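Below is one structure; the comments refer to it alone.
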Amino acid sequence: MSDILHFFRDCSGKLTAVSLPFELDEIIAQWSGLINHMARNHNGAFSRDEWAYMIYFLDRHLLEEVYIKTFGLPADGNSGVIHMLMRPRGQVAVWLPNNVSLLGPLVLILLSLSGNPVIIKSGSHSQNLTQVFLDYSSTQLTHGALRNYLSSKVKVETFSRDDPRQKDMAAEAKVRLFFGSDMSAKVIDSLPHPIGSLSFAFVDRKSEIWMEKGAVTADTLAMLIKVMAIYGRFGCTSPQKVVVIDGSPQDAVDLSKRLAEMWPSVIRRDVEPHTASENVKALQSAAALGWQPAIAERNGAVFASGGFDLPPFAGAMALPVISATIQEAVAHLPSNIQTLGYALSSPNDRRWLLELANSGIKRFVPLAQMHHFGPYWDGYSYWSSLFETVEIRI
Numbered sequence: 000m001s002d003i004l005h006f007f008r009d010c011s012g013k014l015t016a017v018s019l020p021f022e023l024d025e026i027i028a029q030w031s032g033l034i035n036h037m038a039r040n041h042n043g044a045f046s047r048d049e050w051a052y053m054i055y056f057l058d059r060h061l062l063e064e065v066y067i068k069t070f071g072l073p074a075d076g077n078s079g080v081i082h083m084l085m086r087p088r089g090q091v092a093v094w095l096p097n098n099v100s101l102l103g104p105l106v107l108i109l110l111s112l113s114g115n116p117v118i119i120k121s122g123s124h125s126q127n128l129t130q131v132f133l134d135y136s137s138t139q140l141t142h143g144a145l146r147n148y149l150s151s152k153v154k155v156e157t158f159s160r161d162d163p164r165q166k167d168m169a170a171e172a173k174v175r176l177f178f179g180s181d182m183s184a185k186v187i188d189s190l191p192h193p194i195g196s197l198s199f200a201f202v203d204r205k206s207e208i209w210m211e212k213g214a215v216t217a218d219t220l221a222m223l224i225k226v227m228a229i230y231g232r233f234g235c236t237s238p239q240k241v242v243v244i245d246g247s248p249q250d251a252v253d254l255s256k257r258l259a260e261m262w263p264s265v266i267r268r269d270v271e272p273h274t275a276s277e278n279v280k281a282l283q284s285a286a287a288l289g290w291q292p293a294i295a296e297r298n299g300a301v302f303a304s305g306g307f308d309l310p311p312f313a314g315a316m317a318l319p320v321i322s323a324t325i326q327e328a329v330a331h332l333p334s335n336i337q338t339l340g341y342a343l344s345s346p347n348d349r350r351w352l353l354e355l356a357n358s359g360i361k362r363f364v365p366l367a368q369m370h371h372f373g374p375y376w377d378g379y380s381y382w383s384s385l386f387e388t389v390e391i392r393i
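Using numbering that gives the first Met the number 0, the first residue of the sequence shown is number 0, and each one after it goes up by one.
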C-alpha cells in the first residue's frame, strides 16, 4: 500500500508524483546513517575493498541521484500541474550470479528505494553477502521506516535452481531481474510469469579500461588497482584489459611494470596461497605466449604488456596492457562489451561520443565507477520500470 506522495520536476518543468509506502528522505537518511558505524566496524564476511565500496555506495547524494536521474529534482507538489503518477509495480524477483558477490547488497539498496517487495535468490555457489548485509542492516537499524521495510518486504533465498520454489518465485513477480549466463537466462525466461510482467536479463558481458598517457597519475593507477582487486577479472564490470590510447608499445611495458610495483602499497592484505600460485602460472603462461609480464611483490597480481595479435592468457588477477589507436581499440572490443572505464584527458571530447555511438558499449564511466551499480544497466532503464505509469491529463 502506497500512501505518501513525493513530487519531482523534470527539465521541461513537468511535475511527476511518485507514490511510496514511506518517506523517501527517511529511507535515504537511514541507509546513509549506517556509514559511520561501517567505517569503524569492518564486517569480516566482506573483504576490506568490498566493505569500503559499500560505504561509498551508501553516500546520501548517490542514493538521491537515483530519483533525480529518473524523475527530476524534488519539487513542491502545489507548484504546478501533475502530468504523471508513478506507483510501485509490485513483487520484484532477482536472480544473482555466482561470481559477483557484492552485487546482491547493491541491488538490495537500490530496489529498496522503489518501495516494492523484493525476493532475492543468492548465487547457488557463492557467499551470500546479501543475507549478511540484510542481517547487519537490520541489527543496526533498531527502528524506523527502513527497518520495517527490510523486515517485511525483503526476502533472501538460497535454494538451488532445481528447487520448485524457483517456479513460484518467477510466477509471482511483476518484475524479474536476472544476472548470470546466457543459458541460465533462457531457463529463467521459460518459467511461468504473469501476463504483462517485465523481465530484464543481464547476461555475459565484458569490460575494459582505456587510458591516455597524459591522464595517467599515481592516483589513477591506485584506483585501477583497487578496481581490479575487488573481483579480479571475474564479473561483468571487471576490466579484462587496459588499453593505452595512442600510446607506444613501450608505454604499455612501462605501465605494466609500474602497476606491479604499486600493487603492494595499494593492496596491503595478505595474498592467499592459491592466488599466489595461480599468478605464478599466469606469469609463466603470458611469457610463453609472447607477452612481457611483470608480477607484483608476494605474487599478488600480474600485468603483461603486448598486442592484440597475441593469444590470451588466463588468470583471475592477471591483466593485459595494450597500446593502440582509438580505431584499433574500438575494432577489438568484444561483441558483448559492457563497461568502458576511462582515464582520459578530455572525456567530453566529441570524438569519444562518436566512437561510443558506433560501438556496443553500454557504460562510459570514470574507472573508479566501473563497479557502481545504478538505475541504468546494460542499456536498460530497468529501475524506472519498477514503477507503473499513470498518465494524467488535466
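Built from N, CA and C at the ideal position, the CB exists for glycine as well. The model shown is predicted, which means the values in this text are computed figures rather than measured ones.
Considering only their Cβ atoms, is the gap separating residue j from residue i smaller than 8 Å?
{"i": "A413", "j": "S206", "result": "One cannot answer for residue 413 here, as it falls past the ends of the chain, which runs 0 to 393."}
{"i": "V117", "j": "K68", "result": "no"}
{"i": "L318", "j": "V242", "result": "no"}
{"i": "L145", "j": "I26", "result": "yes"}
{"i": "W209", "j": "I244", "result": "yes"}
{"i": "M227", "j": "P238", "result": "yes"}
{"i": "F45", "j": "L128", "result": "yes"}
{"i": "K225", "j": "V265", "result": "yes"}
Would you kindly report the start and end of the unbroken beta strand (DSSP E) that includes residue i?
{"i": "V153", "result": "153-156"}
{"i": "R47", "result": "Segment 47-56 is the alpha helix (DSSP H) holding R47; no beta strand (DSSP E) there."}
{"i": "E390", "result": "386-390"}
{"i": "V320", "result": "317-323"}
{"i": "I336", "result": "336-342"}
{"i": "A92", "result": "91-94"}
{"i": "R86", "result": "81-87"}
{"i": "I3", "result": "3-8"}
Alpha helix (DSSP H) containing residue i: first to last residue?
{"i": "Y381", "result": "No alpha helix (DSSP H) contains Y381, which DSSP labels as neither H nor E."}
{"i": "E354", "result": "349-356"}
{"i": "L61", "result": "59-70"}
{"i": "L23", "result": "23-31"}
{"i": "A16", "result": "Element bounds for A16: not the alpha helix (DSSP H) but the beta strand (DSSP E), 14-19."}
{"i": "A367", "result": "Segment: none, A367 is in no alpha helix (DSSP H) and carries neither H nor E."}
{"i": "N35", "result": "34-39"}
Below 8 Å on the Cβ atoms is my contact criterion, and I expect residue i with residue j to pass it. Report the Cβ-Cβ distance as a whole number of Å.
{"i": "F201", "j": "W376", "result": "6 Å"}
{"i": "L19", "j": "H5", "result": "6 Å"}
{"i": "L355", "j": "F363", "result": "6 Å"}
Out of curiosity, what's the CA-to-CA distance linking residue i and residue j?
{"i": "A281", "j": "F312", "result": "7 Å"}
{"i": "P292", "j": "K212", "result": "19 Å"}
{"i": "S383", "j": "P272", "result": "44 Å"}
{"i": "A342", "j": "A214", "result": "6 Å"}
{"i": "S150", "j": "F386", "result": "22 Å"}
{"i": "L109", "j": "L61", "result": "10 Å"}
{"i": "A303", "j": "L72", "result": "46 Å"}
{"i": "K361", "j": "M369", "result": "12 Å"}
{"i": "L57", "j": "M182", "result": "33 Å"}
{"i": "S284", "j": "W262", "result": "20 Å"}
{"i": "R164", "j": "D24", "result": "35 Å"}
What are the complete beta strand (DSSP E) segments, minimum 3 residues, inside the segment 227-304? 238-244, 291-294
*Can you check the segment 99-143 for any beta strand (DSSP E) of at least 3 residues that lies completely inside it and give the ranges in chain order?*
117-120
**Prompt:** Taking only runs of the alpha helix (DSSP H) that begin and end inside the segment 144-223, which ones reach a length of at least 4 residues, in chain order?
**Reply:** 144-152, 164-170, 181-188
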